[in-house]
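First up is the structure itself, then whatever we jot down about it.
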């Protein structure tokens, strides 16, 4: 089935059978029922320090009252990347964090997404874990009636030591990379990427006798044992890191460029030049009697203007359509899918019976969706083109293990992005993903890509949410706002955010069509007279 096309696709979404609808009632796919927090009435005084070193407090009021409603779409908010200190020993800015949690609970937010960084928890030595800072966050969330989604982050945070949010991989892992540089991904120019261990090493004991998959599983198992008393009640979700940025993808675009990749139209580079990936490619080529196909990735895939039509491989009638192109792209995407399956299998086994929702994230790579080859999707590992659906296999893989699919770009529109990049199609990309999730009976979570959301952006999120939920009796959808910072609590932003949360809590909006979303009329006011400092 070819869903993708250079123009925004018209879509037909089949309704699920009753059996399909019942599937979402299974514990692995739903948020377990828990006691609702007490209703928050009247005005709530929030005291916050303006900065971490100040003893002074500024008081502002939240004249807002809201009760979360069953059956609505829950909203989560991702915590700051530096929510815990550099050694994970303690939570940072405790007073400001407490007031923020109180404000989020008052607004009707379901919970917070807490990134658990491998590079902090198991920093110095293998199998030595420090959870103290994260325990403080979970205990605080419990105190304010918020749920917690733990995001297992097995990747690097930030672009380098000068980045204020820099968190590297564990030191002992970096030492192994120094000894064997092929543990890191490499492109055809020999450039190494240290964001995440190459999946070519997945089943090799390169980490002090353990494979990377075993190291990830050991950390998740230790997390489960440490936080067991919170699982299913406070911690209701586990999002498992699957690659750079926590997403199931290759680091085809350096992290320094990724933030603006859709505007600079980055084609990306195939990440198959470390010796472990090359060994796998060579073995696959030999199996089909084409040894010459196993020496590396395609040639002529780069262009200074980032125009796929100026490359031999990605152009409309390029070699991506040839038997060689199909072989290489099939191998490259299958390696990524196998990597995801290994980690999802381990995670599902570890957390089985704990009544937590399992999630995995894919990347919103939409900036060449309007072309035939979808070049940037191919280099990041998604074999999705105008003549091949690459998201059905991914959705099926997640579905086998009861995982929810998470993806960003829910606030983005084709028309707006095409003013900057005429072949960018974020809406069309998401529509194809929605179809794949519906076909494969997989729950969906949306995220925003940019953090400066206005009313129109929130309205777009609601429209895309409705696209997924339309026709389902019990749609399993949630939204994660990325991320909590001082801008969220500015008066205008906070008012828009609380209106959005209320809209997501309106069951009627997502049943029976809902109608158009309007943000123009005022609602219950949530006014922040001071900005929280992070």
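Numbering (full-length UniProt numbering), first residue to last: 1 to 534. All residues carry an ideal CB built from backbone N, CA and C; glycine is no exception.
message = When you compare the CB positions of residue 481 and residue 234, do they come within less than 8 Å of one another, or not?
response = No, they are not a contact pair.
key: Unbroken alpha helix (DSSP H) run spanning residue 433, endpoints   = Boundaries of the alpha helix (DSSP H) harbouring residue 433: 426 to 439, taken from the DSSP string.
task = Might you give, ordered along the chain, the residues of its own chain that have their beta carbon closer than 6 Å to the beta carbon of residue 277, omitting 5 neighbours on each side?
result = 200, listed in sequence order.
key: Any alpha helix (DSSP H) of 4 or more consecutive residues that is wholly inside the segment 437 to 504   = Segments of the alpha helix (DSSP H) lying fully in the segment 437 to 504: 455 to 469, 491 to 504.
request  = Please report how far the alpha carbon of residue 535 lies from the alpha carbon of residue 217, in whole angstroms.
outcome  = Absent from the model: residue 535. The displayed extent of the chain is 1 to 534, so no value can be given.
query = Can you tell me the Cα-Cα spacing of residue 215 and residue 159, whole angstroms?
reply = When rounded, the distance between both Cα atoms is 24 Å.
query = By Cβ distance below 7 Å, which residues in the same chain neighbour residue 125 in space, the five residues on each side in sequence not counted?
reply = Correct list, in chain order: 172.
query = Hey, which unbroken runs of the alpha helix (DSSP H) at 4 residues or more fall wholly within the segment 344 to 381?
reply = 375 to 379, all fully within the segment 344 to 381.
query = Nearest-angstrom Cα distance between residue 198 and residue 226?
reply = Those two C-alpha atoms are separated by around 29 Å.
Local Cβ density within 10 Å of residue 53, reported as buried at 16 or more and exposed below that = For residue 53, the predicted structure reports a pLDDT of 37, less than 50, and the residue's modelled location is therefore unreliable. A value from the coordinates is still provided. Residue 53 is exposed by the Cβ-count criterion.
inquiry  = Quick check on the burial criterion: 16 or more other C-beta atoms within 10 angstroms. Buried or exposed for residue 57?
reply    = Only weak support exists for where residue 57 lies, its pLDDT of 37 falling under 50; the value from the coordinates is given anyway. Exposed, by the Cβ-count rule.
request  = Can you tell me which of the three DSSP states residue 131 falls into?
outcome  = Here residue 131 carries a coil assignment [DSSP, helix/strand/coil].
request  = Taking residue 343 and residue 213 to be in contact with their CB atoms under 8 Å, please state how far apart those CB atoms are, rounded to whole angstroms.
outcome  = Residue 213 and residue 343 do touch by the CB rule: their CB atoms are close to 6 Å apart, below 8 Å.
task = Assign residue 230 to buried or exposed, taking buried as 16 or more other Cβ atoms, counted over all protein chains shown, within 10 Å of its Cβ.
result = When all chains shown are included, residue 230 counts as buried.
request  = With a floor of 4 residues, list each alpha helix (DSSP H) that falls wholly inside the segment 190 to 237, ordered by position along the chain.
outcome  = Counting whole runs of 4 or more residues, the segment 190 to 237 contains the alpha helix (DSSP H) stretches 212 to 226.
4 or more residues per run - each alpha helix (DSSP H) lying fully within the segment 131 to 155 = Uninterrupted alpha helix (DSSP H) stretches at least 4 residues long and entirely within the segment 131 to 155 occur at 132 to 143, given in chain order.
Nonlocal neighbours in the same chain, by C-beta distance under 6 Å from residue 74, ignoring five residues either side = Contacts found: 110, 478.
Exposure of residue 139, with buried meaning 16 or more beta-carbon neighbours within 10 Å = So residue 139 counts as exposed.
query = Which residues in the same chain as residue 504 place their Cβ atom closer than 8 Å to its Cβ, once the five residues preceding and following it in sequence are excluded?
reply = Scanning its chain for C-beta atoms nearer than 8 Å, with the 5 sequence neighbours on each side dropped, one finds around residue 504 the residues 72, 73, 74, 75, 462, 465, 479, in chain order.
query = Helix, strand or coil: how does DSSP classify residue 239 here?
reply = Residue state, collapsed to three classes: strand.
query = Using the beta-carbon count (16 or more within 10 Å), is residue 301 buried or exposed?
reply = Buried, because 16 or more other Cβ atoms sit within 10 Å of the Cβ of residue 301.
ask   = Exposed or buried, which one is residue 370 when buried takes at least 16 other CB atoms within 10 Å?
value = Burial call: buried.
ask   = Can you give the beta carbon distance from residue 298 to residue 327, rounded, assuming they're within the 8 Å contact cut?
value = Not quite, the Cβ-Cβ distance comes to about 10 Å (not below 8 Å), so this is no contact.
query = Ordered along the chain, which non-local residues of its own chain (more than five positions away) have a Cβ less than 6 Å from that of residue 114?
reply = Cβ within range, chain order: 79, 137, 148, 150.
ask   = So, do the segment 416 to 423 and the segment 369 to 388 have three or more beta carbon pairs nearer to each other than 8 Å?
value = The answer is yes - the segment 369 to 388 touches the segment 416 to 423, with three or more Cβ pairs under 8 Å.
inquiry  = I need the boundaries of the beta strand (DSSP E) containing residue 320, first residue and last residue.
reply    = Neither: residue 320 is in no beta strand (DSSP E) and is coded neither H nor E.
ask   = Does the Cβ-Cβ distance between residue 92 and residue 85 come in under 8 Å?
value = Yes, Cβ-Cβ distance for residue 92 and residue 85 is below 8 Å.
key: C-alpha gap between residue 457 and residue 281, whole angstroms   = The alpha-carbon atoms of residue 457 and residue 281 are separated by roughly 43 Å.
message = I'd like the span of the beta strand (DSSP E) that includes residue 415, first residue to last.
response = Careful: residue 415 lies outside any beta strand (DSSP E), inside the alpha helix (DSSP H) at 414 to 418.
inquiry  = Only counting the same chain, and skipping five residues up and downstream in sequence, which positions put a Cβ closer than 8 Å to that of residue 348?
reply    = Excluding the 5 residues flanking it on each side, residue 348 has same chain C-beta neighbours closer than 8 Å at 28, 358, 401, 402, 403, in chain order.
request  = Using 10 angstroms around the beta-carbon of residue 389, count the other beta-carbons present and answer buried if the total reaches 16, otherwise exposed.
outcome  = Residue 389 should be labelled buried.
ask   = Rounded to a whole number of angstroms, what is the C-alpha to C-alpha distance between residue 206 and residue 274?
value = Looking at the two C-alpha atoms, the distance is approximately 14 Å.
Candidates 296, 375, 356, 133: closest to residue 189 by CA position = Measuring from the Cα of residue 189, the nearest candidate turns out to be 296.
request  = Rank 324, 132, 99 by C-alpha distance to the C-alpha of residue 223 and give the top, closest one.
outcome  = Residue 223 has its Cα closest to that of 132, out of 324, 132, 99.
request  = Please state whether DSSP places residue 177 in a helix, a strand or coil.
outcome  = The answer is helix: DSSP assigns residue 177 an H, G or I state.
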